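The structure appears below as structure tokens.
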Amino acid sequence: MFVKKEFFRFALLRFFRIYPLHLAILFFLFLFLFVFPPYLECIIREEPERFTVGNILANILLVDNWGIVFFGHPWNGVSWTISLEILAYIAFPFLAFFVNRIFSVRLCLVLVIGVLLGLGLFMLVTNNLDNNLKWRGGILRIACEFSCGVILSRAYRLGFSSSFPWFGVGCLGLLVLCFIIPFMRPLIYLWLAGFMMSLTFENDKIARIFESKFISWLGEISYSLYLTHMLLLQGIFWLVSPSMQLMNLQSKMVLSSLIIFFILLFAWFVNIYVERPSRNIGRVVVKHLT
Numbered sequence: 001m002f003v004k005k006e007f008f009r010f011a012l013l014r015f016f017r018i019y020p021l022h023l024a025i026l027f028f029l030f031l032f033l034f035v036f037p038p039y040l041e042c043i044i045r046e047e048p049e050r051f052t053v054g055n056i057l058a059n060i061l062l063v064d065n066w067g068i069v070f071f072g073h074p075w076n077g078v079s080w081t082i083s084l085e086i087l088a089y090i091a092f093p094f095l096a097f098f099v100n101r102i103f104s105v106r107l108c109l110v111l112v113i114g115v116l117l118g119l120g121l122f123m124l125v126t127n128n129l130d131n132n133l134k135w136r137g138g139i140l141r142i143a144c145e146f147s148c149g150v151i152l153s154r155a156y157r158l159g160f161s162s163s164f165p166w167f168g169v170g171c172l173g174l175l176v177l178c179f180i181i182p183f184m185r186p187l188i189y190l191w192l193a194g195f196m197m198s199l200t201f202e203n204d205k206i207a208r209i210f211e212s213k214f215i216s217w218l219g220e221i222s223y224s225l226y227l228t229h230m231l232l233l234q235g236i237f238w239l240v241s242p243s244m245q246l247m248n249l250q251s252k253m254v255l256s257s258l259i260i261f262f263i264l265l266f267a268w269f270v271n272i273y274v275e276r277p278s279r280n281i282g283r284v285v286v287k288h289l290t
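Under this note's numbering, the first residue of the sequence shown carries the number 1, and numbering increases by one thereafter.
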């Protein structure tokens, strides 16, 4: 049953999880642009739309992909997904109201498969075979994926489980095929959902791999890593691309390894000094307000 107090608590916790880190990343980006004016000039030349007052405000508030004025032009290339995630949170109470009236695991699974197949059909009909529906298509994508997540959560609450130990391996294999064989790409969201589900199964082979300390650590820093990796890659390659053209293959591999290490290190730093403190502040605020 939907409880207003619980949703208020959930919304506050998500706010302190999402916005402080998002704003900190924007601050780091603006600082980088201040330190390296040529990079700023490059952005102005290629994407002048970024510098309108409306776009800057929309990026700060994370409403840049809601379609209120426009779609796109995010300062952080991946933040459009977070923008739509917030939109999904607003719709969550209404979705939960209907999903909580489902009392059949089989119906939950049928709905999930149907929705994801429908999304795949949309990709096929609209020739979106790059595995990355975004901008206007992103609204449909988040609606389908978020709805499926809520329905699957309901299925687990109703007792759903699997005894097939190779389920995750099979879904992972089909995922790989989707990247290799173009006509299979519309099914990528279905196999991805199956793979994510497999990680919750106790006897699944792939789930045991994801229990390792390194994978768990990646999970801990995943949000920080997600919000920083694209900006860091763009900035680093802008700095080193002239030198990379003169490097041999071995030097490029060493440099690429160092870049990956630096991105992981930076994400870990941001997780410790920005994400975790903001989440702790959120817990304190929630405790006092609820």
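The beta-carbon is built from N, C-alpha and C at its ideal position, and this holds for glycine as well.
Please read all numbers here as calculations on a predicted model, not as lab measurements.
With the cut-off set at 8 Å, would you say R141 and L119 are in Cβ contact?
yes
Along the chain, where does the alpha helix (DSSP H) that runs through V110 open and close?
V105 to V125
Please list, in chain order, all residues of the same chain as S243 whose beta carbon is under 7 Å from its beta carbon, the five residues on each side excluded.
none
Quick check on DSSP: helix, strand or coil for L244?
Correcting the residue type first, residue 244 is Met in the shown sequence and not Leu. Helix, per DSSP.
Check the C-beta distance from R50 over to H73 and give it rounded, since I have them as a contact under 8 Å.
5 Å
Tell me whether E47 sits in a helix, a strand or coil according to DSSP, three-state version.
coil
Cβ distance (whole Å) where I236 is taken to contact I260 below 8 Å
Not quite, the Cβ-Cβ distance comes to about 10 Å (not below 8 Å), so this is no contact.
Closest to P93 by C-alpha separation, out of L61, F10 and L152, would be which residue?
F10
Under 8 Å: do the segment 166-175 and the segment 189-198 share three or more Cβ pairs, one atom per stretch?
yes
With a floor of 4 residues, list each alpha helix (DSSP H) that falls wholly inside the segment 248-283, ordered by position along the chain.
249-270
For the alpha helix (DSSP H) holding M184, just list the boundary residues, first then last.
Run containing M184: none; DSSP gives neither H nor E here.
L84 and N65: beta carbons closer than 8 Å?
yes
According to DSSP, simplified to helix, strand and coil, what is H22?
helix
Should T290 and I263 be called a contact, given that it needs their Cβ atoms to be closer than 8 Å?
no
Using a Cβ distance threshold of 8 Å, determine whether the segment 20-36 contacts the segment 75-82, with at least three qualifying pairs required.
yes
For V125, which residues of its own chain have a beta-carbon under 8 Å away from its beta-carbon, when the five flanking residues on both sides are left out?
none
Counting Cβ pairs closer than 8 Å, one from the segment 184-191 and one from the segment 211-225, do we hit at least three?
no
Hey, F160 and V105: beta-carbon distance below 8 Å or not?
yes
Going by CA-CA distance only, name the one from I86, A143, A88 and I82 that's closest to V112.
A143
For F122, collect the residues of the same chain with a Cβ closer than 7 Å to its Cβ; drop the 5 residues on either side in sequence, then sort them by chain order.
L140
Return the chain-ordered ranges of every alpha helix (DSSP H) run that is complete within the segment 134-162 and spans a minimum of 4 residues.
136-157
Let me make sure I understand the geometry here. Which of F7, L31, R17 and P20 has the alpha-carbon closest to that of L232?
L31
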